[in-house]
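K.L.:
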Amino acid sequence: MNTITKNDSFRSAVKPDVDAVVVGAGFTGLYMLIKLREKGFSARCFEAAPSVGGTWYWNSYPGARCDIESMQYSYQFDEELQQEWEWPERYAAQPDILAYIEHVADRYDLKRDITFETRVQAATFGEDSHTWEVETDCGERLSARFFIMSVGCLSVPIRPEFDGAEEFSGEVYQTSMWPKDPVNFAGKRIGVIGVGSSAVQSVPLIAEQAKHVYVYQRTPNFVVQAQNHPLGEDDVATIKADYRGFRAKAWDLQSAFLFPRHDQSVFDLSPKDRRTRLDEQWEIGGLPFLGAFNDILTNDDANREVADYWESRMRAVVKDPEIADLLTPNEPIGCKRLCSGTDYYEVYNRENVTLVNALDSGIERLTSTGLRAAGKDFVLDMIIYATGFDAMTGGVTKIKITGTGGQSIQQKWADGPRTYIGLAVSGFPNMFNMVSAGSPSVLATMVTAAEQHGDWVADCLEFMREMGHTRIDATLEAEADWVEEVNRAASASLRVKCDSWYVGSNVEGKARVFAPYIGGWPSYVKKCQIVVANGYEGFDLESL
Ligand code: N01
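In our numbering, the protein residues as written are 7 to 550.
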């Protein structure tokens, strides 16, 4: 007699080529591979770049570094790994992050499951087979029970299409697709378009070498001093003495990121004490500046107080008051992602740097010798686009994904992303959307989020194998409830009040929706646990 075990049934009716296809070999994709292997699932990972790293592979522009501390922006699943790795700086530079990711890929022998320089361009769910048919741009087709999108939140660069772009005869670069060979800025007139984090980090370094840098700013950003520094042996030793305890403390926090934060309103303190607190938090540097008070992102008046403080710090640096005016944003601080920089405002005191107001008439066109903006022609040898990303959803919608009933992901998300706990999309069974819209993702420490998602998905697959299920799909009701919760959480935050990539307004035609879940890391994790504890509540499970 032929007995079908539960495990056989998981693979029975139609045996796919692999259990899972993983798209992307950044932090999330690599962790997913580790977990799949640990649980005995076969997997193929496809990665467009020649090596691992995801967005950290491509964003190798001068000055690129992370705005989350290196001792936290790293994996915690393996005590040996976190003990053995040595981060040189508080905020890791891109080459150090890439070296770490390469180390992880080699340490766990992950590259043998990754096909590089290959993009997944289409995936279609088969209702009869409960598998995904996946197609790459190299012509390979394969079937997989599960389709796991580890494509990153900030991985699809956008470049505005200016008239005359093809006429420009100089060098053209984009921060998010930076060449691997060194770029020579010496003696050159360079135009940088954009003033987001990528420009904030690169402009001071480019200005040290260039003949002249013109920075084209449409909307000013708030930039705080990163206060980056080499990591002291004592600091590292203290954390490593109880790395697990340190990580556990971070898990209890809204952003899964441990830094000094104060559970007090701006108005709980006298103006003098308020200033002292802000001074202290300024000296800590980087994103922790927003931890000075608990109502900076929820109360307009509190936010204004903190923005005024920020303005006083910026004006203390920038010598020309008209330039300082131009650098002052007219929106809540922290509404856009706060930029963490090193000597950014100092750069505008240099004779070889000009800030150009590209707000009113914008960049009118590119010419053979440079560009025309603010009614003037600028002669340039090089143009650098620091113009950002189709964030949160771009990596998913770029692929031709077809779910049940022939519905495409582009149709499904036409009015904004809809997910169930960020991980699943109703009508797209057996697809998991990692660290993206509908989960804390960019509002949490991404590597921590990658591990939480990877664990959840791997456990789910194991559960399905044990139960003999071959199909899992979020119900429309559960998805609608979660979308409502995502929107409810967002509406309580000032972050919905300005244009930013969080709401998709930087991409023409994109629905304006606050994409990440801002209800906090602990409540999100708890929700994921409840879903499991209640037998994958909100999901329909089927077996072939
Ligand atoms: O992109 P951005 P980014 N004409 O979208 C301008 C992460 N990151 O790559 O604001 C003129 O912030 C645009 O102007 P406006 C981090 O999360 C992290 O710098 O739309 N200008 C804006 O100034 C960050 O938030 C790190 O008016 C145009 C700029 O381009 C996220 O990535 C480092 C324009 C884009 O800024 C994105 O940062 C780097 C046009 N037609 C990145 N189109 C760290 O960890 C766009 N712009 C520190």
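Glycine included, C-beta positions come from ideal geometry on N, C-alpha and C.
1. Would you kindly check if the distance between the Cβ of residue 262 and the Cβ of residue 256 is under 8 Å?
2. Compute every distance between the C-beta of residue 151 and the non-hydrogen atoms of the ligand N01, then say whether any falls below 7 Å.
3. Round the Cβ separation of residue 221 and residue 205 to the nearest angstrom and send it over; I've been treating them as touching at under 8 Å.
4. What is the rounded straight-line gap between the Cα of residue 445 and the Cα of residue 394?
5. At 4 residues or longer, and completely inside the stretch 376-407: list those alpha helix (DSSP H) runs for me, N to C.
6. If you draw a straight line from the alpha carbon of residue 209 to that of residue 480, how long is it in whole angstroms?
7. If residue 131 and residue 435 are in contact, beta carbons under 8 Å, what's the gap, nearest whole angstrom?
8. Below 8 Å on the Cβ atoms is my contact criterion, and I expect residue 22 with residue 118 to pass it. Report the Cβ-Cβ distance as a whole number of Å.
9. Compare the C-alpha of residue 145 against each of 123, 175 and 163 and name the closest.
10. On the DSSP letters alone, give me the boundaries of the alpha helix (DSSP H) that residue 486 sits inside.
11. According to DSSP, which residues form a beta bridge with residue 273?
12. From what residue to what residue does the beta strand (DSSP E) around residue 208 run?
13. By Cβ distance below 7 Å, which residues in the same chain neighbour residue 518 in space, the five residues on each side in sequence not counted?
14. Could you spell out the range, first to last residue, of the beta strand (DSSP E) harbouring residue 352?
15. Under the DSSP definition of a beta bridge, which residues are partnered with residue 197?
16. Please confirm whether any heavy atom of the ligand COA lies closer than 7 Å to the CB of residue 203.
17. Can you tell me whether residue 143 sits near the ligand N01, meaning its C-beta is under 7 Å from at least one heavy atom of the ligand?
18. Between which two residues does the alpha helix (DSSP H) carrying residue 241 extend?
19. Tell me which residues share the same chain as residue 391 and place their Cβ nearer than 6 Å to its Cβ, disregarding the 5 neighbours each side in the sequence.
20. Comparing the C-beta of residue 491 with each C-beta of chain B, is any distance below 8 Å?
21. Would you mind listing the beta strand (DSSP E) stretches within the stretch 287-371 that are 3+ residues and don't spill past its ends, in chain order?
22. When the Cβ atoms of the stretch 484-495 are set against those of the stretch 517-535, are three or more pairs found closer than 8 Å?
23. For residue 461, report the span of its alpha helix (DSSP H) as first-last.
P.N.:
In short, the structure shows the following:
1. The count along the sequence shown starts at 1 and reaches residue 256 at position 250. The count along the sequence shown starts at 1 and reaches residue 262 at position 256. In this structure, residue 256 lies near residue 262, with their beta-carbon atoms less than 8 Å apart.
2. On the sequence shown, residue 151 is found 145 positions in, with the first residue counted as 1. Incorrect: residue 151 has no Cβ contact closer than 7 Å to the ligand N01.
3. Locating residue 221 in the sequence shown gives position 215, counting from the first residue. Locating residue 205 in the sequence shown gives position 199, counting from the first residue. Contact holds; Cβ gap of about 7 Å.
4. One-based indexing of the sequence shown puts residue 445 at position 439. One-based indexing of the sequence shown puts residue 394 at position 388. So the two alpha carbons sit approximately 21 Å from each other.
5. 400-403
6. Residue 209 sits at position 203 when you count from the first residue of the sequence shown. Residue 480 sits at position 474 when you count from the first residue of the sequence shown. If you take the alpha carbons of residue 209 and residue 480, they lie about 45 Å apart.
7. Position 125 of the sequence shown, counting from 1, holds the residue named residue 131. Position 429 of the sequence shown, counting from 1, holds the residue named residue 435. Rounded, the Cβ-Cβ distance is 6 Å, consistent with contact.
8. Taking the sequence shown and counting its residues from 1, one reaches residue 22 at position 16. Taking the sequence shown and counting its residues from 1, one reaches residue 118 at position 112. Contact annotation, residue 22 with residue 118: C-beta distance approximately 19 Å; criterion of less than 8 Å not satisfied.
9. Counting from 1 along the sequence shown, the entry for residue 145 is found at position 139. Out of 123, 175 and 163, 123 has the C-alpha closest to the C-alpha of residue 145.
10. As a first step, residue 486 is located in the sequence shown; it is residue number 480 there, counting from the start. From DSSP, the alpha helix (DSSP H) with residue 486 extends over 482-497.
11. In the sequence shown, residue 273 corresponds to position 267, counting from 1. Paired residue(s): none; residue 273 is not in a bridge.
12. On the sequence shown, position 202 is the one that residue 208 refers to. Not the beta strand (DSSP E): residue 208 falls in the alpha helix (DSSP H), residues 203-215.
13. Your numbering for residue 518 matches position 512 in the sequence shown. Answer for residue 518: 509, 510 and 511, listed in chain order.
14. The residue labelled residue 352 in the question sits at position 346 within the sequence shown. Segment: none, residue 352 is in no beta strand (DSSP E) and carries neither H nor E.
15. The sequence position of residue 197 within the sequence shown is 191, counting from 1. DSSP, once it has assigned bridges, lists 220 and 389 as partnering residue 197.
16. With respect to the ligand COA, the structure offers nothing, as its ligand set consists of the ligand N01.
17. Translated into the one-based positions of the sequence shown, residue 143 becomes position 137. Result no, Cβ not under 7 Å from the ligand N01.
18. Sequence index remark: in the sequence shown, residue 241 carries index 235 (1-based). Where residue 241 is concerned, the enclosing alpha helix (DSSP H) stretches over 239-247.
19. For the purposes of this step, residue 391 is taken as residue 385 along the sequence shown, with counting starting at 1. 165, 180 and 199.
20. Looking for chain B here will not work: only one protein chain is present.
21. 345-347 and 359-363
22. yes
23. Your numbering for residue 461 matches position 455 in the sequence shown. 452-473 is the extent of the alpha helix (DSSP H) around residue 461.
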